[in-house]
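Visitor: Here it is: the structure, laid out below.
Residue numbers (full-length UniProt numbering), protein chains in the order written: chain P, 1 to 672; chain B, 1 to 672.
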């Protein structure tokens, strides 16, 4: 197998991203009004990213210095590039997304087919940037530093750190703006959604980009990179110097990139009669190509189909989690209907039944993950060779994420279509335009459910695989649950996602309150604003969201990095192992609970708006709005951040494993 | 040390319970109206218990047969007696509580002092029954079966099973009645709380007894018994044939009983100027006596003060958890004030801030437990002798629970005073009577917070100690988190409290809906009911709560027993170890989250009712009521059941450890 295949495929992905991006830029961006509004959104989004990156620059420099001093120069270099590549992917993807939105709106004036193509191409730029930069970075640094996997964990740490800040910051930004715009604009002033008279409307649309495009992209960049690192690390110790075998995960990822590009081209080619069919076709073609590729590759590299089995298990588990996610959160199924029905007796019963659905919805995904873990472990021969079994688990994660390019494309397509709708509304385009963008948007929502399944499933598998790499590196043959420090670590670790959830939810509340006051102030103090004669001060609202998001992302971000180090230094490697295991188990559960409860409340509200239980404006609808408002920080801020929290903590432990193994456990030594 | 000391102390406790009970019965139970109403409550409560016990009889017989076949006849005997003793304690305690309530109301007509004495004596009967029966059962069966600890785990299993059913059943009963009475009576019909025209009012008062008296008593009976069993089991293997050392936990518990009795007598003697002071005095005296006793006993039995250190650690951790519980749930502190403030912007922000407070409130208790575990492990020399260290953890749990007699007395006193208030209201006694019972009730609420801290802390420590016993019995030297089956067990275990919470919350919803419909029906169909001319059909409502509670307790109860067995049989002892560790860690967190969020919402509502943020009837108040309604099943049904769930699962594993070790892991064997 050619060592340079991953590099070639990475460049190919970036080339396609570049071509799509150019195609989009060439399209018309509509009339002056549209250009003006799109300009506000684009500027707001870019302003946020650039301010965020200034903060992150300080963080990157500080951590890089720590790494140079504590570990090695090479790891620090990898760390810096992991962070920078993640930033590049987010920046590039969002730049294009904020150009594609207005062009999608303009295209929708002439029909659905072209609008679909532009929106999806915009998403594809993000998707291909993620996988292209991910595979390039990993391969280049692996080869450059003498085929040594020890350094590239730094690349993962860089990617994870940026992902956490981007997710938390983006999540707070988008929800503060959303709640502020809705509560004062829709509820108090009684003006429709995306009304240009609402001062928070631009911030709201910017939020969709920084949260759902840049935040999500950084999240999946991290998963993608993390899963490959875990497989590379485990393989490195298993297949000493057999580069073909060691590089198997990179080769598999290369096949995934080719499959994703082909899938994307098919989805783009679709004549757009039925956008759902277009996205499905692309996704299925990509998936099937990866399966075929893995089948051939497994036999060629290992001489059997065991690796293929593990990869297939990952893909199947991801798809199944996505499917059950749909069952708990889509209004065709009984759960959302039940929440809607319970809304008739008021908001309390809406909340209780939503929480109950969310908690219940953890069962099946956990069982799927459990089966996937055991299957990929035992099919690789884990019963007699534990290391091979653990390698199998990491391959399942890589398999699940091999089509990340496609998954991100579909995920990022949604907010672009959503933004296009907002621009159409604010520019007062005919309602037929909005109908098309709404249709495109709703398709994205359904397909995105499967994407969420992949995100949660892969986070769990990646964390478990990284956990195995951590044990390998600290030379722990066992992390014994019967040792009290392990149990104490487990309890503390399980507590962290709760603490993290609390902090992020509080942050959204605080930021939203500031936004609410500002919008109220503008409605009161700017004469003529309600008649549309005076222009609201959009920038002030954008600034509030930006400042709040940046301020509030600091504490949770630092927590995720400092706590594992502190526990490792004080209580040693076993306690840290327990901490990670605890954080992974309760973090995955909280992630599922929050994502699904939030999704179910959202759709219960929409279901009632569709006319049941009294429809819009009824008491049941008011109760459902309460559910939706509670669900917003659940599904868009705290929930998605859990995935990153557990991976970041694991990779911090992995990077600093050596230091902790030799210097950690200070407190325990006192007792000896 | 005399082997029969525990038996003597057990009998002493029961004697005092008997004396107090007789004293209460001799008091006047007021006028005919009061007798009638108290009669309804008494009958309703007894009817529920007797029907519940019929169900449980079937369960006990079936499980006993399984135990005879799978383990041993002696274990089955212990199991049956563990269940029966728990039932006795609940039955006896509630019988007296439903007599004390009306007598407290009658006494309150003549002043506070006597009312306090009767209510507290009623609670003391429950408390002393719990510890008396607990220590008697354990000691008798330990000695009767040839000083063998293996059989008495069955006693713990019996106690735990009954506790789960009593807690879940009682919790569903009380909340269904509460929500039904409040929503239709208070909100829809606009009649006050405890109004005799409300058909659900009797069921509501019965619910306080079956939930807060019988359910809570069974819960602490189980903790008490479980902690002693874990210490006995570990000590049995450590101190071969040295009966003085082996029986140390029973001797310590004996001292705790004497201390509790003295504390209770002091509290009863107080002239009742300040009921809070009376309860505090009793609690402190009991606590100090136990500390002194443990100090002397530790030196006498072990020749040093290490055991004393572990015991003290348990008491300190329990008290600290109680104290921080108060900080998160009492309206003098910022958290409740914040929730109240957030209620101004509607129910959604009330819910978000309550959940955030609940999640945040997990941090300190977990840190306290972690420090307590490490301290009691290392002070016993765990660094060089792991078994001794684990024994230290179990002693911390026994220490924390040594004053259970007193804790339960204070806990059960609250609902008696609450019931007395209800009876006063329904019998139209002068408002001065209600003022006194309200004062007594509010004192109970504050002191009960510390009791909750002990319940959660002891559940965690007991489960960890039982977990160590499990490992001993299955001869596992390690439960390795790096083995995938352990990790899979951990994930599945962590998921169970979520599933369990979902099921119990759904059950409350279903039962409450039935109750709501019945109350509405009676208001509509019984002419003259609102004018107080016709009597509502109280019994119908009592029957609905009874039937619903019994039906809904079956699935969660069976789940808690079957899942550990199934995992052990399919995936083996290590997976089962992981399952328990996962369930304990996420269960403790969910228990704290639910208890504190529920308590904080409750008090935020009361705080607003005190006149802030617009007071009663304002929009903020309405939002706070939504929070309180969501919090009800949190704090009174799902939350408390978590404590039992984790202990029950642990003890099921311990009892069946031998069978699982020799026959388990069927699925894994397929891969070998």
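We treat Cβ as the ideally placed atom computed from N, Cα and C, and that holds for glycine. Bear in mind the structure is a predicted one, so any value in this text is a computation, not a measurement.
1. Below 7 Å on C-beta distance, what does residue 469(P) contact in chain B?
2. Can you list, in chain order, the stretches of the alpha helix (DSSP H) that have 4 or more residues and sit fully within the region 227-269 of chain B?
3. Just the Cα atoms here: how many angstroms apart are residue 259(B) and residue 599(B)?
4. Between residue 509(P) and chain B, is there a C-beta pair that is closer than 8 Å?
5. Just to confirm, are residue 417(B) and residue 444(B) a CB contact at a threshold of 8 Å?
6. Distance cutoff 8 Å, beta carbons only. Does residue 556(P) sit that close to anything in chain B?
7. Three or more C-beta pairs under 8 Å: does that hold for the region 566-580 of chain B against the region 470-477 of chain B?
8. What number of angstroms, rounded off, separates the C-alpha of residue 96(P) from the C-alpha of residue 129(P)?
9. Please classify residue 36(P) as buried or exposed, where buried requires at least 16 other C-beta atoms within 10 Å of its C-beta.
10. Have a look at the DSSP bridge pairing and note the partners of residue 480(B).
11. Is the region 113-133 of chain P touching the region 85-103 of chain P, taking contact as three or more C-beta pairs under 8 Å?
12. Among 198(B), 74(B), 212(B), whose alpha-carbon lies nearest the alpha-carbon of residue 149(B)?
13. Would the C-beta of residue 211(P) count as close to the ligand NAD, meaning under 7 Å from any of its heavy atoms?
14. Could you please tell me which residues of the region 358-390 of chain B, in chain order, have their CB closer than 7 Å to any CB of chain P?
15. Work out the CA separation of residue 485(B) and residue 559(P) for me, nearest whole Å.
16. Identify whether residue 536(P) lies in helix, strand or coil by the three-state DSSP scheme.
17. When we look at the beta-carbon of residue 391(P) and count the other beta-carbons within 10 Å, is it buried (16 or more) or exposed?
18. Across the region 34-53 of chain P and the region 110-123 of chain P, are there enough close Cβ pairs to call them in contact, namely three or more that are closer than 8 Å?
19. Please check if any C-beta of chain B sits within less than 8 Å of the C-beta of residue 347(P).
20. DSSP on residue 126(B), reduced to helix/strand/coil?
21. Taking only beta-carbon positions, decide if residue 506(P) is within less than 8 Å of chain B.
22. Going by Cα to Cα distance, which pick from 369(P), 171(P), 136(P) is closest to residue 495(B)?
23. Would you call the region 550-558 of chain B and the region 551-558 of chain P touching, i.e. three or more CB-CB distances under 8 Å?
24. Give the straight-line distance between the Cα atoms of residue 234(P) and residue 585(B), rounded to the nearest whole angstrom.
25. Excluding the 5 residues preceding and the 5 following residue 460(B) in the sequence, name in chain order all residues of the same chain whose CB lies nearer than 6 Å to its CB.
26. From residue 311(P) to residue 397(P), what does the alpha carbon distance come to, in whole angstroms?
27. Who are the near neighbours of residue 519(P) in its chain, counting only those whose CB is closer than 6 Å to its CB and skipping five residues on each side?
28. Do the region 156-169 of chain B and the region 217-236 of chain B meet, that is, are 3 or more Cβ pairs less than 8 Å apart?
29. So that I know if they touch, is there some Cβ in chain P lying closer than 8 Å to that of residue 309(B)?
30. Could you check where the alpha helix (DSSP H) with residue 178(B) kicks off and where it finishes?
31. Below 8 Å on the Cβ atoms is my guess for residue 578(B) versus residue 479(B); work out the distance and round it to an integer in Å.
32. Counting only beta-carbon separations shorter than 8 Å, does residue 464(B) have a partner in chain P?
33. Would you mind sorting residue 613(B) into buried or exposed? The rule is 16 or more other CB atoms within 10 Å of its CB.
34. Are residue 594(P) and residue 639(P) close, meaning C-beta to C-beta below 8 Å?
35. Listed from N- to C-terminal order along the chain, which residues in the region 205-229 of chain B have their beta-carbon within a distance smaller than 9 Å of any beta-carbon of chain P?
36. Taking residue 290(P) as the query, report the chain B residues whose CB atoms sit under 8 Å from its CB, ordered along the chain.
Guide: In short:
1. On the first chain, residue 469(P) is found 469 positions in, with the first residue counted as 1. Going along chain B, no residue has its Cβ under 7 Å from residue 469(P), so there is no contact; the nearest lies around 11 Å.
2. 243-246, 248-269
3. On the second chain, position 259 is the one that residue 259(B) refers to. On the second chain, position 599 is the one that residue 599(B) refers to. So the alpha carbons of these two residues sit roughly 30 Å apart.
4. As a first step, residue 509(P) must be located in the first chain, where it is residue number 509. For residue 509(P), the answer is yes, since a Cβ of chain B falls inside 8 Å of its Cβ.
5. Reading the second chain from its first residue, position 417 is the one you call residue 417(B). Reading the second chain from its first residue, position 444 is the one you call residue 444(B). Closer than 8 Å, so yes.
6. Locating residue 556(P) in the first chain gives position 556, counting from the first residue. No, residue 556(P) lies away from the interface with chain B (no Cβ there is under 8 Å from its Cβ).
7. yes
8. Residue 96(P) sits at position 96 when you count from the first residue of the first chain. Residue 129(P) sits at position 129 when you count from the first residue of the first chain. Those two C-alpha atoms are separated by around 11 Å.
9. By 1-based counting over the first chain, the position of residue 36(P) is 36. Under this definition residue 36(P) is an exposed residue.
10. Start at 1 with the first residue of the second chain, and residue 480(B) comes out as number 480. DSSP output for residue 480(B) lists 480(P) as bridge partner(s).
11. yes
12. The sequence position of residue 149(B) within the second chain is 149, counting from 1. Here the closest residue by C-alpha is 74(B).
13. Of ligands this structure carries none, so the ligand NAD is not represented either.
14. 359, 360, 362, 363, 366, 369, 370, 373, 374, 377, 378, 382, 383, 389
15. Mapped onto the first chain, residue 559(P) falls at position 559. Mapped onto the second chain, residue 485(B) falls at position 485. The straight-line gap from Cα to Cα measures roughly 30 Å.
16. Counting from one through the first chain, the residue named residue 536(P) turns up at place 536. It is coil, neither helix nor strand.
17. By one-based count along the first chain, residue 391(P) stands at place 391. Buried, because 16 or more other Cβ atoms sit within 10 Å of the Cβ of residue 391(P).
18. no
19. Locating residue 347(P) in the first chain gives position 347, counting from the first residue. Cβ-Cβ to chain B under 8 Å: yes for residue 347(P).
20. Looking up residue 126(B) in the second chain gives position 126. DSSP places residue 126(B) in helix when its eight states are reduced to three.
21. Start at 1 with the first residue of the first chain, and residue 506(P) comes out as number 506. So yes, residue 506(P) belongs to the interface.
22. Indexing the second chain from 1 puts residue 495(B) at position 495. Nearest option by C-alpha distance: 369(P).
23. no
24. Start at 1 with the first residue of the first chain, and residue 234(P) comes out as number 234. Start at 1 with the first residue of the second chain, and residue 585(B) comes out as number 585. Residue 234(P) and residue 585(B): Cα-Cα distance of roughly 29 Å.
25. Within the second chain, numbered from 1, the residue matching residue 460(B) stands at position 460. Only 369, 588 meet the Cβ criterion.
26. Here residue 311(P) refers to the residue found at position 311 when the first chain is read from its first residue. Here residue 397(P) refers to the residue found at position 397 when the first chain is read from its first residue. Their backbone Cα atoms lie some 7 Å apart in a straight line.
27. Here the question's residue 519(P) lines up with position 519 in the first chain. Same-chain partners within the cutoff: 180, 184, 199, 200.
28. yes
29. Sequence index remark: in the second chain, residue 309(B) carries index 309 (1-based). Taking Cβ atoms only, chain P never reaches closer than 8 Å to residue 309(B), which makes this a no.
30. Against the second chain, residue 178(B) aligns to sequence position 178. Residues 149-180.
31. Locating residue 578(B) in the second chain gives position 578, counting from the first residue. Locating residue 479(B) in the second chain gives position 479, counting from the first residue. The pair is a contact, with the Cβ atoms about 7 Å apart (cut-off 8 Å).
32. Against the second chain, residue 464(B) aligns to sequence position 464. Chain P contact via Cβ: present.
33. Taking the first residue of the second chain as 1, we reach residue 613(B) at position 613. Per the 10 Å Cβ criterion, buried.
34. Working through the first chain from its first residue, we reach residue 594(P) at position 594. Working through the first chain from its first residue, we reach residue 639(P) at position 639. A contact, by the Cβ cut-off of 8 Å.
35. none
36. Working through the first chain from its first residue, we reach residue 290(P) at position 290. Near residue 290(P) there are no residues of chain B at all, since even the closest Cβ is about 24 Å away, more than 8 Å.
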